[in-house]
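Participant: Once you've had a glance at the structure underneath, I'll fire off some questions.
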């Protein structure tokens with residue numbers, strides 16, 4: 001993969017391991033020369049992953065809505081900072097630029113981005129790999145719920161199996177790089 005969109009919290013969370021994992025992911029992306037595509041903010045885990053990637057010599061593309069940039073939430077040090085008109089445009093632009101997706105711990109925004117990108121995969125808008133960085137078992141309850149969703153007949157097992165899970169950034173990137181759809185190309189159909 002040449003680029004990965006990372007969805008994560010605009011807060012740090014209560015466990016120090018969340019921040020440590022964000023920093024580690026940023027460094028690993030830089031080491032592997034994988035461009036980080038993210039929400040463009042300087043706060044929370046978003047700021048940590050981007051700053052760590054930049055500090056390690058990596059390339060960072062931030063995509064932020066104008067109303068958030070105006071509130072001085074943008075990380076001006078990004079290699080490239082793209083200002084868009086809305087949250088919807090932000091998600092579409094991040095998806096267009098990314099060769100794969102990783103969700104770290106986060107709240108509603110992170111889950112919204114994760115589920116939208118999974119839905120786009122399900123309906124055939126892309127075939128890029130998607131993974132959960134399960135720092136501190138953060139996503140255990142979510143994966144259990146999704147397994148129950150499969151059992152209840154609302155989600156096909158084949159669709160659920162596209163969502164990969166690992167606790168370590170290096171392992172997750174290895175898994176995603178070896179999945180079908182990890183070769184970047186013409187995928188965006190919307």
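Numbering (UniProt numbering), first residue to last: 1 to 190.
Note that beta-carbon positions come from the ideal geometry of N, C-alpha and C, so glycine has one too.
Would you mind working out which of 112, 167, 178 and 104 sits nearest residue 13, comparing C-alpha positions?
Facilitator: Numbered from its first residue, the chain shown carries residue 13 at position 13. When only C-alpha atoms are compared, the closest one is 104.
Participant: At 4 residues or longer, what runs of the alpha helix (DSSP H) sit wholly inside the segment 67–140?
Facilitator: 87–97 and 108–122
Participant: Thinking residue 164 and residue 176 are a contact (beta carbons under 8 Å), I'd like their distance in whole angstroms, please.
Facilitator: Numbered from 1 along the chain shown, position 164 holds the residue referred to as residue 164. Numbered from 1 along the chain shown, position 176 holds the residue referred to as residue 176. So it is a contact: roughly 6 Å between Cβ atoms.
Participant: Helix or strand or just coil, what does DSSP make of residue 43?
Facilitator: For this step, residue 43 is matched to residue 43 along the chain shown. The answer is coil: DSSP assigns residue 43 none of H, G, I, E or B.
Participant: With distances taken from CA atoms, which of 138, 113 and 137 is nearest residue 130?
Facilitator: Working through the chain shown from its first residue, we reach residue 130 at position 130. With distances taken between Cα atoms, residue 130 lies closest to 113.
Participant: Where residue 15 and residue 137 are concerned, what is the direct C-alpha to C-alpha distance, given to the nearest angstrom?
Facilitator: The residue given as residue 15 occupies position 15 in the chain shown. The residue given as residue 137 occupies position 137 in the chain shown. Cα to Cα, residue 15 sits roughly 11 Å from residue 137.
Participant: For residue 106, I'd like the list of residues in its chain whose CB is within less than 6 Å of its CB, leaving aside the five on either flank, ordered along the chain.
Facilitator: Taking the first residue of the chain shown as 1, we reach residue 106 at position 106. So the qualifying residues of the chain are 8 and 9.
Participant: Whole angstroms is fine: what's the gap from residue 110's alpha carbon to residue 56's?
Facilitator: As a first step, residue 110 is located in the chain shown; it is residue number 110 there, counting from the start. As a first step, residue 56 is located in the chain shown; it is residue number 56 there, counting from the start. Each residue's alpha carbon lies about 24 Å from the other.
Participant: Taking the alpha-carbon positions, what's the residue 1 to residue 27 distance?
Facilitator: In the chain shown, the residue the question calls residue 1 occupies position 1. In the chain shown, the residue the question calls residue 27 occupies position 27. About 16 Å.
Participant: Whole angstroms are fine: how far does the CA of residue 148 sit from the CA of residue 34?
Facilitator: Numbered from 1 along the chain shown, position 34 holds the residue referred to as residue 34. Numbered from 1 along the chain shown, position 148 holds the residue referred to as residue 148. Distance between the alpha carbons of residue 34 and residue 148: 34 Å.
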